[in-house]
Structure formats: structure tokens, C-alpha cells
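*Asks:*
Residue numbers (mature numbering (1 follows the signal peptide of the UniProt record, and there is no 0)): -24 to -1, 1 to 362.
1. Using 8 Å as the threshold, is the C-beta distance between residue 35 and residue 94 below it?
2. For residue 1, count neighbouring C-beta atoms within 10 Å of its own C-beta (all shown protein chains included) and say buried if the count is 16 or more, exposed if not.
3. If we require 3 or more residues per run, which beta strand (DSSP E) segments fall completely within the segment 165 to 236?
4. Mind checking which residues open and close the alpha helix (DSSP H) that includes residue 270?
5. For residue 303, list the residues DSSP reports as bridge partners.
6. Exposed or buried, which one is residue 361 when buried takes at least 16 other CB atoms within 10 Å?
7. At what residues does the alpha helix (DSSP H) containing residue 105 begin and finish?
8. Assuming residue 120 and residue 191 are in contact, meaning their beta carbons sit under 8 Å apart, how far apart are those beta carbons, in whole angstroms?
9. Can you name the residues that DSSP bridges to residue 313?
10. At a cut of 8 Å, does the segment 84 to 94 reach the segment 187 to 203 through at least three beta carbon pairs?
11. If we call anything under 8 Å between Cβ atoms a contact, is residue 169 one with residue 118?
12. Cα separation between residue 229 and residue 265?
13. Indicate the three-state DSSP secondary structure (helix, strand or coil) for residue 31 in the structure shown.
14. What is the rounded straight-line gap between the Cα of residue 31 and the Cα of residue 25?
15. If you reduce the DSSP assignment to three classes, tell me which class residue 138 lands in.
16. Tell me which residues share the same chain as residue 319 and place their Cβ nearer than 8 Å to its Cβ, disregarding the 5 neighbours each side in the sequence.
17. Do you know offhand how far residue 239's Cα is from residue 101's?
18. Short of 8 Å in beta carbon distance, which residues of its chain neighbour residue 232, apart from the five on each side in sequence? Order them along the chain.
19. Using the C-alpha atoms, what's the distance from residue 41 back to residue 305?
20. Round the Cβ separation of residue 387 and residue 310 to the nearest angstrom and send it over; I've been treating them as touching at under 8 Å.
21. Could you tell me the distance, in whole angstroms, from the CA atom of residue 354 to the CA atom of residue 61?
22. Buried or exposed for residue -4, please, with buried defined as at least 16 other CB atoms from any protein chain shown within 10 angstroms of its CB.
23. Using a Cβ-Cβ cut-off of 8 Å, state whether residue 29 counts as contacting chain B.
24. Using the C-alpha atoms, what's the distance from residue 28 back to residue 207?
25. Can you tell me whether residue 256 is helix, strand or coil according to DSSP?
26. Quick one: residues in its chain with C-beta nearer than 6 Å to the C-beta of residue 66, no 5 flanking neighbours on either side, listed in chain order?
27. Going by the beta-carbon positions, is the gap between residue 137 and residue 164 smaller than 8 Å?
28. Work out the CA separation of residue 154 and residue 68 for me, nearest whole Å.
29. How far does the beta strand (DSSP E) with residue 324 in it extend, from its first residue to its last?
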């Protein structure tokens, strides 16, 4: 086949276009992945003070935080040596929310139905960021103990006594059942929100409350789907130490009651009989979890809420024989520090470099000037190897 000058020019341009197209696709595949991370939104309660006002309802506070979150793509990452340092944030691929969308018994008691509607309006509709494919940012959810307690009931007053709306919607959105669950047929004990996603070469596992013995059975099976060298991240509501009161009441008849104060949110009966200052402990259960972590060294980090304060720390286990990086995120409503010092309100931005196998977590201080127009200010950051 012979080509004239024009023919050769066309061929060169075509080949160059194909080559650069492949490069672009490869670059997109290996590009930095960004995950915004929040927890403990607690729709239904109010902050004592916020931006010069008193008794500000959670839907107003969350709306301000979401507005700031929507500005992330235009920001430039700090000069901290982390993933993407000094680059524009750009696409937000995922938003992770690790539970407590609904609230529970605090006055004024709001139903899980009302809380879910507010969350849906804000985060599922009001989030305006896009991922690298120019599609809306994908929202990934796990339930918190307040979402779960609304479904099964609590020894403190709830209105109504049970309302599984938050749990049902989280389940349907994340588990994609062939037949969506309804309030009538949802079963908290069997319809568990445990799932995983492969994101930029990283296996991300999203768990229902905590990795108790039942959940670890699912985790063992799920981890068989990836290589032992594949880095794994855990997104959970409760910290790695667990929460004794979340286990099923070990005392016959195993009910949820004000005397024993167990919440029956995990099917496992609490085995540890140790008391500290009159409160049950879960060292037996925690040791079992720590042993699981040791058996799976590719679990590289643990993200959680529940304790309502931003902190980057290393989980050592009850016997100081594990070393797991942990990232705890703040709550816009119940912050241990930020509830009183609103300038310390924050969420987190997780940046992953799949090529270098690095992960950076950055604290995003979203109310540094205690004003709705206050821009996000970068706080603490840390980078780990994957």
C-alpha cells in the first residue's frame, strides 16, 4: 500500500491520537484518587452555638459543611509532601459517611425517617462534586449505632419506638438487592451492610458497626477475592477497640433493658465478664479482632467515627502486638472538641496514589473563621505506605 504526503500525515496524526488516547486513559487510571470522609452527622439535634447563633439544628450545620465540601475541587493541596501536594484537588471520586446519619433519644426526639429525608436532601442531592469520569461523586455509606438502634429499639425513649428508615435506605443503596427492602420486611439481624469496593488498586471494606466475630467470617471470605499483597482499608463506625454495650446482652433473657444497658446491635453475646468502674469490657472480643489484623498484614489503615474528634493514631491492640494506622474523623454536631470550639470543625480528605502506593489523609478545617463564607483551611496531615 502506498501513501502520499497527505496519506502519511493522516496516518501519523491518527497513530499519535491513538497513542495519546491510550496515555490519557492510562493516566486517568493511575491518577490520584480523592475520597472525602465524614461521620456522625446526627440529623435531629442542635448545636448550642454555631456562627454566632444558638440552638442551630443539624440540617443547617450540615448544609454549611456540605457547601464547603463542594468547594474542594478548586482548592490546592498543601505543601506537606503528601500525595498530590501543591496540586489542585480536582475530582472528588467518593464521599464516605460512616454512620450516625440519624440520631436517637436526645431532645427534641426526631424520627429516623425525618433524619434520612434531611440527609438525602443534603448529601445525595446537594453534593455537586464530580469524579474523574465527570460523573457525580459516588456516596458510600455504613451504618452507625444510632441508625441501628432506631431499627431495633433502645432502652431510652425513641419516637417511634422503632424506625428502620435509615438502615433500610443504607442497605438498599449499598447492597443493591434484587428486591429492595422495605420497613415491613427489613431484618436487622440478617440484612447486614457489609460490602467492599476496589478503588485504585486498593480493596476498601465497609462494615456494619464493627468487625465482630460474625462480620469477620464475611471479611475472611471477601479477602479471598483479592491477592494477599493488595492493600486493604477498613471503613467502620466504631473504633478498633470495639464498644462493649453494642454486643448482645449476655444476661438471660438477653433483652434490651435499662438495667443491663446492652444495645443488642451485634449478634455476638459479650463474652468478657470483666468490669472497669462498673462498666463491661470487651478485651476477649478485641483480642480476637487484633488476631485477625495480624493474620492479614495487607490491612493498611482503619477509618472510623463514633468518638467525635479528629485524630490520627496507631492502634496497638490490647497486648501491644499490632500496629495499624487509624484515622478518626470529627462530627459536625457532637465534636468532642469542636462542639465547643467551632473553629476546629473538620472532615477529612483521603488522597491515594495508586502508582506509588501512598495514601495521605488531610484534615479539612471548614469553619476556621466561624463564618458560612470561611474557606477550608488545611490542618493536620499524614502519609502512609500502602
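The C-beta atom is built at its ideal place from N, Cα and C for all residues, glycine as well.
Since the structure is predicted, the reported quantities are computational estimates derived from the model, not experimental observations.
*Replies:* Quick look at the numbers:
1. yes
2. Any reading at residue 1 needs caution, since the residue's pLDDT is 32, under 50, leaving its predicted position unreliable; the model's value is listed next. Label assigned to residue 1: exposed.
3. 171 to 175, 178 to 182, 208 to 211
4. 259 to 271
5. 279, 288
6. exposed
7. Per DSSP, residue 105 belongs to no alpha helix (DSSP H) and is neither H nor E.
8. Actually they are not in contact, since the Cβ atoms of residue 120 and residue 191 sit about 15 Å apart, beyond 8 Å.
9. According to DSSP, which records beta bridges pairwise, residue 313 is partnered with nothing at all.
10. By the Cβ rule, the segment 84 to 94 does not count as touching the segment 187 to 203, because fewer than three pairs are nearer than 8 Å.
11. yes
12. 27 Å
13. The three-state secondary structure of residue 31, taken from DSSP, is strand.
14. When rounded, the distance between both Cα atoms is 6 Å.
15. Assignment of residue 138 by DSSP, reduced to helix, strand and coil, places it in the coil class.
16. 341, 343, 344, 345, 346
17. 32 Å
18. Within the same chain, residue 232 has close Cβ partners 128, 129, 130, 131, 225, 238, 239, 240.
19. Across the structure, residue 305 and residue 41 are spaced so that their CA atoms are roughly 14 Å apart.
20. No statement about residue 387 is possible, as the shown extent of the chain runs from -24 to 362 and does not include it.
21. 12 Å
22. Legend: pLDDT at residue -4 = 36, less than 50; position of this residue unreliable, value from coordinates given subsequently. Residue -4 is exposed by the Cβ-count criterion.
23. The structure shown contains no chain B; it holds only a single protein chain.
24. Each residue's alpha carbon lies about 44 Å from the other.
25. The answer is strand: DSSP assigns residue 256 an E or B state.
26. Non-local beta-carbon contacts of residue 66 in its own chain, meaning distances under 6 Å to residues more than five positions away in sequence, involve 49 in chain order.
27. no
28. 29 Å
29. Unbroken beta strand (DSSP E) run through residue 324: 322 to 329.
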